[in-house]
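With this note's numbering as the guide, the letters of the sequence shown map in order to residues 6 to 199.
Ideal Cβ positions, reconstructed from N, Cα and C, are used throughout, including at glycine.
Because the structure is a prediction, the values reported are computed rather than measured.
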Amino acid sequence: MIDCRVLTGSELEEALDGVAKLRIEVFRAFPYLYDGDVAYERDYLQTYRNSPNAILVAAFDGARLVGASTGTPMEDHAGDFAAPFARTGLELETLFYCAESVLLPEYRGHGIGHQFFDLRERHARSLGRSHAAFCSVVRPADHPLKPEDYRPLNGFWRKRGYEPLPGVVAQFRWKDIDQPDETDHELQFWMREL
């Protein structure tokens, strides 16, 4: 039985090293193809340490962390996301950013992804947010590292009420597993009204 629970404050802080390891492992697969390292992860996850309204939904199989999903008020990511959202007419202070969801493959297909969204959206509403958003990496349909059995999550996200925001695309740099250096990547934003 998988136990999904909300961690904030010191519990969130204590779980972040485990989240870093999960991010490195899960995001190594397509479509992210992320060749991550612990130093970068510690720096990236600092946002969740610094935000008093951050949330971490953690999935445990016994004592083992097998999945995690994070979120913060969008303005905590203003440097990264202010420009893409400037064209929407929405104030960052009305948005909640549902950041990553990482779940080990053997635990997928059992409703944990829905729990991740349910708990983050509930948290966003408790903060008075009117919209929730996340972004997903954009890869070409013919990418050479795309597995034959790859299925995008677009259908799952649409069932949850999310739709892509035309023209609202962020740029991030990371090192792909098949590249010698970091490269730019486009991430498409999806949003729903809460």
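The region 116–133 / the region 69–76 touching (three or more Cβ pairs under 8 Å): yes
Find the nearest neighbour of residue 187 within the set 108, 157, 106 and 42, judged by alpha-carbon distance. By one-based count along the sequence shown, residue 187 stands at place 182. Ranking the options by Cα distance to residue 187, first place goes to 42.
Once DSSP output is grouped into helix, strand and coil, what is the label at residue 86? Start at 1 with the first residue of the sequence shown, and residue 86 comes out as number 81. In the structure shown, residue 86 sits in a helix (DSSP, three-state: H, G or I).
Could you round the C-beta distance between residue 64 and residue 7 to whole angstroms and report it? I think they count as a contact, below 8 Å. To locate residue 64, count along the sequence shown from 1; it is residue 59. To locate residue 7, count along the sequence shown from 1; it is residue 2. Residue 64 to residue 7, Cβ: 5 Å. Contact.
Label residue 106 either buried or exposed according to how many other C-beta atoms from any shown protein chain fall within 10 Å of its C-beta, with 16 as the threshold for buried. Position 101 of the sequence shown, counted from the first residue, corresponds to residue 106. Classification of residue 106: buried, given that the 10 Å Cβ count is 16 or more.
When you compare only the Cα positions, how much space is there between residue 109 and residue 194? For this step, residue 109 is matched to residue 104 along the sequence shown. For this step, residue 194 is matched to residue 189 along the sequence shown. Roughly 23 Å between the two C-alpha positions.
In this structure, how does DSSP classify residue 94 when only helix, strand and coil are distinguished? Here residue 94 is taken as the residue at index 89 of the sequence shown, counted from 1. Residue 94 falls in the coil class under three-state DSSP.
Output the boundary residues of the beta strand (DSSP E) element that contains residue 177. Position 172 of the sequence shown, counted from the start, is the residue given in the question as residue 177. Segment 168–180, the beta strand (DSSP E) holding residue 177.
Contact under 8 Å by Cβ, residue 181 with residue 38: Reading the sequence shown from its first residue, position 176 is the one you call residue 181. Reading the sequence shown from its first residue, position 33 is the one you call residue 38. Taking 8 Å as the Cβ cut-off, residue 181 and residue 38 qualify as a contacting pair.
Compute the Euclidean distance between the alpha carbons of residue 16 and residue 68, then round it to the nearest angstrom. Along the sequence shown, read from residue 1 onward, the residue named residue 16 stands at position 11. Along the sequence shown, read from residue 1 onward, the residue named residue 68 stands at position 63. Cα to Cα, residue 16 sits roughly 14 Å from residue 68.
Ordered list of alpha helix (DSSP H) runs contained in the region 43–77, each at least 4 residues: 43–49 and 51–55
Given a cut-off of 8 Å on the beta-carbon distance, is the pair residue 126 and residue 61 in contact? Position 121 of the sequence shown holds residue 126. Position 56 of the sequence shown holds residue 61. Taking 8 Å as the Cβ cut-off, residue 126 and residue 61 do not qualify as a contacting pair.
Going by CA-CA distance only, name the one from 40, 13 and 50 that's closest to residue 104. Stepping through the sequence shown from its first residue, residue 104 is reached at position 99. The residue with the shortest Cα to Cα distance from residue 104 is 50.
First and last residue of the beta strand (DSSP E) that includes residue 138? Locating residue 138 in the sequence shown gives position 133, counting from the first residue. Unbroken beta strand (DSSP E) run through residue 138: 136–142.
Decide if residue 89 is buried, meaning its Cβ has at least 16 other Cβ atoms within 10 Å, or exposed. Working through the sequence shown from its first residue, we reach residue 89 at position 84. With 16 or more Cβ atoms within 10 Å of its Cβ, residue 89 is classed as buried.
I need the DSSP call for residue 189, collapsed to helix, strand or coil. By 1-based counting over the sequence shown, the position of residue 189 is 184. Reduced to three states, the DSSP call for residue 189 is strand.
Residue 81, buried or exposed, once every other Cβ within 10 Å from all chains shown has been counted against 16: Here residue 81 refers to the residue found at position 76 when the sequence shown is read from its first residue. So residue 81 ends up on the buried side.
Proximity winner among 156, 21, 191 and 184, relative to residue 113 (alpha-carbon distances): Along the sequence shown, one-based indexing puts residue 113 at 108. Here the closest residue by C-alpha is 156.
For a cutoff of 8 Å on Cβ pairs, would you count residue 128 as touching chain B? The structure shown contains no chain B; it holds only a single protein chain.
What residues in its chain sit with their C-beta under 7 Å from that of residue 46, if we drop five residues either side in the sequence? Mapped onto the sequence shown, residue 46 falls at position 41. Within the same chain, residue 46 has close Cβ partners 25, 28 and 29.
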